[in-house]
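Contents: one structure, followed by commentary.
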Amino acid sequence: SRIVELFQFQIRSEVECPVCHNVSVTFDPIMYLSLPVPKPPHSVALTVVPANYPKVPMLKMDVMVPKGATFEELERRLWTK
Numbered sequence: 015s016r017i018v019e020l021f022q023f024q025i026r027s028e029v030e031c032p033v034c035h036n037v038s039v040t041f042d043p044i045m046y047l048s049l050p051v052p053k054p055p056h057s058v059a060l061t062v063v064p065a066n067y068p069k070v071p072m073l074k075m076d077v078m079v080p081k082g083a084t085f086e087e088l089e090r091r092l093w094t095k
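Remember, my numbering sits 14 above the position in the sequence shown when you count from 1.
Written out as structure tokens, the structure reads:
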């Protein structure tokens, strides 16, 4: 479904041993995303992690969402930022 396509992703975790400095990187699949119900002025704070992270840095943004907006409108506003 379109919702699964939008909200199915992986979380990258990185842990470094303080003794030997070995770095462990894991990717955990996430199937759902909880979003807080925004309060006026109806904005949602997002952090976008590019597929080629950490080469390309994360991007933090606030997306203004009009009352009654659809998921398609939210997605369109994401791509125009």
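From the three backbone atoms N, C-alpha and C, an ideal C-beta is built for every residue, glycine too.
- Counted as a single uninterrupted DSSP element, the beta strand (DSSP E) harbouring residue 39 occupies residues 37 to 44.
- Taking each of 45, 35, 19 and 33 in turn and checking the Cα distance to residue 25, the smallest one comes out for 45.
- Per DSSP, the beta-bridge partners of residue 74 are 61.
- For residue 22, the CB contacts under 7 Å within the same chain, skipping 5 residues up- and downstream, are 45 in chain order.
- Ranked by how close their Cα comes to the Cα of residue 64, the residues 57, 35, 39 and 74 have 74 in first place.
- Taken through DSSP and simplified to helix, strand or coil, residue 18 comes out as helix.
- When DSSP reads this structure, residue 26 sits in a beta bridge with 41.
- Its chain contains 30 as the residues whose beta carbon lies nearer than 8 Å to that of residue 36, once the 5 sequence neighbours on both sides are disregarded; these appear in chain order.
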